[in-house]
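One structure is given here, and the rest of the page talks about it.
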Amino acid sequence: MPIAERDPPKGRRESYVLPKVPVPPLKQTLDMYLTSIKHLVKEEQYQKTKSIVEKFGEPGGTGELLQEKLLEKSINTHNWVYDYWLDDMYLNQRLALPVNSNPAMVFPKQDFRDHKDSLKFAAHLITGVLEYKKHIDTRALPVDFSRGQLAGTPLCMKQYYRLFNTYRLPGLKRDTLVIHETGSTEQEHIIVACKNQFFVMDLVVKEKPLREMDILSQLEKIVKMAENTEERQPPFGLLTSDGRTEWAQARDVLIKDSVNRESLAVIEKCLCVVCLDDPSGMEVGDTSRALLMLHGGGHEKMGANRWYDKPMQFVVGEDGVCGTVCEHSPFEGIVLVACTEYLMKFMTGSPSKIGRATSVSELPAPRRLLWKTTPHIQGLLKASAERLQRLVRDLDMDVHKFEVYGKEFIKKQKMSPDAYIQVSLQLAFYRCNGRLVSTYESASIRRFHEGRVDNIRSATPETLAFVKAMTDEKTSLSDSEKIKRLWDAINAQTNSTIAAITGMGIDNHLLGLREISQEIHMEMPEIFTDETYVASNQFILSTSQVPTTVEMFCCYGPVVPNGYGCCYNPQADHLLFSVTSFHGSTETSSAVFIKALDEGLVEMRDLCKTSNKPQSNMTVSILGHPQELHSTSDTCPGTW
Ligand code: COA
1 MPIAERDPPK GRRESYVLPK VPVPPLKQTL DMYLTSIKHL VKEEQYQKTK
51 SIVEKFGEPG GTGELLQEKL LEKSINTHNW VYDYWLDDMY LNQRLALPVN
101 SNPAMVFPKQ DFRDHKDSLK FAAHLITGVL EYKKHIDTRA LPVDFSRGQL
151 AGTPLCMKQY YRLFNTYRLP GLKRDTLVIH ETGSTEQEHI IVACKNQFFV
201 MDLVVKEKPL REMDILSQLE KIVKMAENTE ERQPPFGLLT SDGRTEWAQA
251 RDVLIKDSVN RESLAVIEKC LCVVCLDDPS GMEVGDTSRA LLMLHGGGHE
301 KMGANRWYDK PMQFVVGEDG VCGTVCEHSP FEGIVLVACT EYLMKFMTGS
351 PSKIGRATSV SELPAPRRLL WKTTPHIQGL LKASAERLQR LVRDLDMDVH
401 KFEVYGKEFI KKQKMSPDAY IQVSLQLAFY RCNGRLVSTY ESASIRRFHE
451 GRVDNIRSAT PETLAFVKAM TDEKTSLSDS EKIKRLWDAI NAQTNSTIAA
501 ITGMGIDNHL LGLREISQEI HMEMPEIFTD ETYVASNQFI LSTSQVPTTV
551 EMFCCYGPVV PNGYGCCYNP QADHLLFSVT SFHGSTETSS AVFIKALDEG
601 LVEMRDLCKT SNKPQSNMTV SILGHPQELH STSDTCPGTW
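Residue numbering for the sequence shown follows the UniProt record's numbering, beginning at 1 and increasing consecutively.
Set out below in structure tokens:
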């Protein structure tokens, strides 16, 4: 299928020279850092942090030295922050991938008439994946352009080239993101998981690529083989659901045996994993489908029918529960959306080529992957299963469709929908907890060469003033004061967004300064051991906009034990929220948060209706220094 829907205007397929991620000015970042935390910590703690930060930033001090080193690094590398960020965000993290790291995209519920119907769907999906992969291998994907704020800039496409050829290998201290050459012949197979068994399906047989009817016939063979209980292998996928160090230790044990080594090697090189799930027995609603994508329901359900290290893992459930669960380190949700929307459109737009397919095929049967176990390995599997079960029991998830209005209403108020939703999330949090906390909103920096994301710190002082106006000071303030505070909050949020997407965010910069101090073997500067810095990196509210143009939604878990994960999908007439938290925390409850969010969104609408007049102050000003938005780095000589 041509990718016409996403084609850019004629002539926009050429490559673009993208600028390098800039290194923001040191003083700007330090000032923004202090502003971002002042209202979140006690006065005494703030004064202590302020003096640490001032000392760090003084002329000739540690900050200037590290800044100089970062600037040097930015000259000598394509992207000074990429590796620091990848390690910090993903590869150094030791928590289990399901829930804690891997996001999921939940497809619309499918109405399969029977088991064969679900296999036809899977065969069609795999055909779509192969079509999409062709666009990747021939570098025929049209260049994406930014939308929304500062629309029209070409975006880095590199993440698309990591969708199918990557693998996150567990390590004892740090994982490795393994990248196979795009289009490599080693990668001509997929792995199909069925009843916790793993099968290799070659996609090219006797130099001929499989047709959709061949794929269906191979899937049918897999299902038959999986049903054979005599040949059944232990559920080795469970090990990938464990903490990264635990899985790395287990893998070290496994690879002592050549059978295990070979099975692992085949999985690690596959294009993607397709999980054929049995019916889960759960009632099929948005929330339960999201849960099944994130953790498979644990080892008693589909949790072992997965291989969590593989970045693209498609789930096709016999009960119509379908989607994808992804290892996040090679790409962002936005790229995942582009790929899965292509697949959805492929599935609905191009008829299945199965026709009256014969089920008899001369193709060699797919191979079942074999494992050698020992009592020690059995013990490891049991321990992984128990830990996954704990995660499953702990996850508190609520998928909610707010139907009172959508982003069109917000646009009519002349406000940025994203900023408005962020403010509403802060209001909900304040309602539930009586305070604001360090908040993460992912901001794409794909305008830059190999750009990934930076953070928009949404808990601004202006937003604190607004949420107080809607709660503690509700009865004492006039509507006009409240709407003024709403506009201040929206403008502050929009300005922070623009700063972050233009490479002036503070989180990547502080991370770079911290990491380069270690590279040059400096003692860790106090600014990074200070309790305020540590706390400000504990994102109790972790949020992300993942909009879709076809019916599906994204979800992910919280990033700290007492936090919320909140993914939202603004649509013209409604807003979809996937909220997660942990039952183990007494401070959180997804249902309570959703209720507060609902109420706040209605109150914000009512406030806008009574007294809104645009008070937009959209000059891009960061602490009153608009000129500092310009990059301090040059452009990158390469293309995307
Ligand atoms: N008045 C009227 N309309 C406005 C407006 C205003 N003041 N401000 C914005 N709008 C419009 C925009 O033009 C846009 O219109 P469109 O729907 O026709 O495109 C729409 O509202 C959305 O803009 P906005 O809500 O401001 O957000 P955005 O699209 O610029 O998104 C971010 C902001 C931060 C989400 C985005 O820049 C980003 O980084 N996205 C990636 C996030 C990510 O990586 N997620 C995945 C993580 S795994």
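Note that beta-carbon positions come from the ideal geometry of N, C-alpha and C, so glycine has one too. The structure presented is a predicted model; accordingly, all values stated were derived computationally and were not measured.
Closer than 6 Å: residue i CB and nearest the ligand COA heavy atom
{"i": "G333", "result": "yes"}
{"i": "D398", "result": "no"}
{"i": "M415", "result": "yes"}
{"i": "G148", "result": "yes"}
{"i": "V546", "result": "yes"}
{"i": "S442", "result": "yes"}
{"i": "D418", "result": "yes"}
{"i": "K411", "result": "yes"}
{"i": "T471", "result": "no"}
{"i": "I527", "result": "no"}
{"i": "I501", "result": "yes"}
{"i": "V284", "result": "no"}
{"i": "T586", "result": "no"}
{"i": "V453", "result": "yes"}
{"i": "T463", "result": "no"}
{"i": "T460", "result": "no"}
{"i": "T497", "result": "yes"}
Distance between residue j and residue i (C-alpha atoms, nearest Å)
{"i": "T166", "j": "A385", "result": "26 Å"}
{"i": "A492", "j": "R162", "result": "35 Å"}
{"i": "E523", "j": "Q378", "result": "44 Å"}
{"i": "S359", "j": "W307", "result": "Low local confidence applies: a pLDDT of 46 at S359 is under 50, so the model's placement there is unreliable, with the coordinate-based value given in what follows. Taking the straight line joining both Cα atoms gives about 28 Å."}
{"i": "C566", "j": "S542", "result": "6 Å"}
{"i": "V273", "j": "V437", "result": "38 Å"}
{"i": "A248", "j": "S241", "result": "11 Å"}
{"i": "P170", "j": "G563", "result": "26 Å"}
{"i": "I179", "j": "E450", "result": "15 Å"}
{"i": "E526", "j": "V41", "result": "18 Å"}
{"i": "A123", "j": "G296", "result": "21 Å"}
{"i": "R289", "j": "S536", "result": "33 Å"}
{"i": "T497", "j": "K382", "result": "45 Å"}
{"i": "G298", "j": "G323", "result": "17 Å"}
{"i": "residue 641", "j": "R605", "result": "The chain is shown only over 1 to 640; residue 641 falls outside these bounds and no answer can be derived."}
{"i": "Q426", "j": "E473", "result": "16 Å"}
{"i": "C339", "j": "P24", "result": "32 Å"}
{"i": "L238", "j": "T532", "result": "37 Å"}
{"i": "L65", "j": "S74", "result": "14 Å"}
{"i": "K613", "j": "Q413", "result": "8 Å"}
{"i": "K20", "j": "T502", "result": "11 Å"}
{"i": "L71", "j": "I52", "result": "23 Å"}
{"i": "S146", "j": "T374", "result": "53 Å"}
{"i": "P281", "j": "P235", "result": "Note on residue identity: the sequence assigns Gly, not Pro, to residue 281. Approximately 20 Å between the Cα atoms of the pair."}
Selected residue, minimal CA-CA separation from residue i, among the options
{"i": "V546", "options": "S578, A535 and E526", "result": "S578"}
{"i": "D83", "options": "D598, K382, A465 and H509", "result": "H509"}
{"i": "V467", "options": "V274, G600, T586 and E441", "result": "G600"}
{"i": "C275", "options": "L264, L219 and L291", "result": "L219"}
{"i": "G148", "options": "K411, L254 and D277", "result": "K411"}
{"i": "T176", "options": "G57, P330, L370 and G317", "result": "P330"}
{"i": "K116", "options": "D319, E44 and V129", "result": "D319"}
{"i": "L391", "options": "D137, A535, P561 and G505", "result": "P561"}
{"i": "F593", "options": "R431, M282 and K474", "result": "R431"}
{"i": "K609", "options": "E327, L95 and S480", "result": "S480"}
{"i": "I354", "options": "G303, T127 and L294", "result": "T127"}
{"i": "K401", "options": "P279, M552, F539 and E332", "result": "M552"}
{"i": "H574", "options": "F112, F409, T153 and L336", "result": "F409"}
{"i": "V99", "options": "E441, L388, P461 and A443", "result": "L388"}
Residues that residue i bridges to, as DSSP identifies them
{"i": "R367", "result": "V200"}
{"i": "P279", "result": "Bridge partners of P279: none, in fact."}
{"i": "G323", "result": "V106 and V315"}
{"i": "M397", "result": "T580"}
{"i": "P330", "result": "P330 is not bridged to any residue."}
{"i": "Q389", "result": "Beta-bridge pairing links Q389 to no other residue."}
{"i": "C567", "result": "S544 and S578"}
{"i": "V274", "result": "V192 and F314"}
{"i": "K484", "result": "None, per the DSSP bridge assignment."}
{"i": "I179", "result": "T166"}
{"i": "V453", "result": "S444"}
{"i": "C554", "result": "M105"}
{"i": "F402", "result": "L575"}
Any C-beta of chain B under 7 Å from that of residue i
{"i": "F402", "result": "This model lacks chain B altogether, as it is built from one protein chain only."}
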